[in-house]
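K.L.:
Quick note on this note's numbering: the sequence shown kicks off at 85 and runs consecutively. Even for Gly, the Cβ is constructed at its ideal location relative to N, Cα and C. Take a look at this one; I'll ask things after.
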Amino acid sequence: MTETPQTTETPHAPGPSAPLVVGAIWTTVAVLCGIAIMGSIFVTKAYRNRYLAEQNAEATSGRPRIYSRLEKDLNAINRDGQSVSLSQLKGSIYVLAHQYTTCPSGCLGVASRLADVYQEFGKWDGFHIVSVTVDPARDTPEKMNAFVKKAGVDQPNWWFLTGDETEIRRFMVRYAQFYGTKTNTDPAEIASNGLYAHDLRVALIDGGAHVRGYYQLYDEVRGEGELKRLSQDIRYLYQEREEARNASDAAEIPKPEVSLP
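Have a look at this one:
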């Protein structure tokens, strides 16, 4: 009779307890998070230093920075009832503002400052001012035309635009990067500040549809300084455009043929 051999099992060494494993995992996670945070701080600091360096260089050179580009066109109706689009101003330098006809104070204040800008640059080649309504539902071309005459800014190359409310608000916030508009509901607030709380800054747009600056013209403290800064930046953009044209003309001049002996 054959006996079945008995298998002898070797006892295993006891493994680590569950609390120790969990503790090790959390320690690893904490270390990795610490590394990620330190890396993020380093990158953020590097970007901040680069931004400050660029700002300092621009302030020293007088070159207005490029904030963004108007990637979408705006189709609207001018105060004379004609359909226009901002793409018609390609190659032009213009100031973009956000106003509405029933605004009790701020919009007229901005218009007054812009009238000073127009007085200085209105006859320069390709200069425009574009005021886009905050309130397309109420601002008809007729009302905007009356507003223009009341404000004393009846000029051919100063557009006052109305149109589709959704398209205008999307363009001004998403592409021109103006602050969003808030509708006031308090009667006292409406009486003193108007139906809308909106962005009273103006933007400077170059010939390539780049936003080159924002300016708080309607500001008791900074208004005069902002007006001066806008004037300087407009002059810089004209100089920049002239240099680009000269460089383009020079590139098109054919080089003389040289005959070798």
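Near Y131, which residues of its chain fall below 7 Å by C-beta distance, leaving aside the five closest residues on each side in sequence?
P.N.:
By one-based count along the sequence shown, residue 131 stands at place 47. Confidence in Y131 is poor, its pLDDT being 45 and thus under 50, which makes the residue's placement too unreliable to answer from.
K.L.:
Straight-line CA distance for S196 to H282?
P.N.:
As a first step, residue 196 is located in the sequence shown; it is residue number 112 there, counting from the start. As a first step, residue 282 is located in the sequence shown; it is residue number 198 there, counting from the start. If you take the alpha carbons of S196 and H282, they lie about 18 Å apart.
K.L.:
Where does I109 land, buried or exposed, given buried means 16+ other C-beta within 10 angstroms?
P.N.:
The residue you call residue 109 lines up with position 25 of the sequence shown. With fewer than 16 Cβ atoms within 10 Å of its Cβ, I109 is classed as exposed.
K.L.:
Does the structure place the segment 290-308 close enough to the segment 212-224 that three or more beta carbon pairs sit under 8 Å?
P.N.:
No: fewer than three Cβ pairs fall under 8 Å.
K.L.:
Which parts of the segment 277-343 are runs of the beta strand (DSSP E), unbroken and 3 residues or longer, counting only runs that do not cross its ends?
P.N.:
286-289, 294-299
K.L.:
Work out the CA separation of K207 and Q323 for me, nearest whole Å.
P.N.:
Residue 323 sits at position 239 when you count from the first residue of the sequence shown. Residue 207 sits at position 123 when you count from the first residue of the sequence shown. In this model, Q323 and K207 are separated by some 16 Å (Cα to Cα).
K.L.:
The beta strand (DSSP E) that contains I177, what's its start and end?
P.N.:
Locating residue 177 in the sequence shown gives position 93, where the first residue counts as 1. Start and end: 177-183.
K.L.:
The alpha helix (DSSP H) that contains V194, what's its start and end?
P.N.:
Within the sequence shown, the letter at position 110 stands for residue 194. Counting along the chain, the alpha helix (DSSP H) containing V194 begins and ends at 190-205.
K.L.:
Closest by CA to V218, which one among R313, L279, V179, W243?
P.N.:
The residue given as residue 218 occupies position 134 in the sequence shown. Comparing Cα-Cα distances from V218 to each of R313, L279, V179, W243, the minimum goes to L279.
K.L.:
Closest by CA to N241, which one among Q203, M256, F255, E310?
P.N.:
Position 157 of the sequence shown, counted from the first residue, corresponds to residue 241. Selected option, being the one with the closest Cα: Q203.
K.L.:
Based on DSSP bridge pairs, tell me the residues matched to L346.
P.N.:
Residue 346 is absent from the structure shown; the chain starts at 85 and stops at 345.
K.L.:
With three or more beta-carbon pairs closer than 8 Å as the criterion, would you say the segment 285-299 touches the segment 258-269?
P.N.:
yes
K.L.:
Hey, how far is the Cα of L170 from the Cα of N159?
P.N.:
Your numbering for residue 170 matches position 86 in the sequence shown. Your numbering for residue 159 matches position 75 in the sequence shown. Approximately 7 Å, taken between the alpha carbons.
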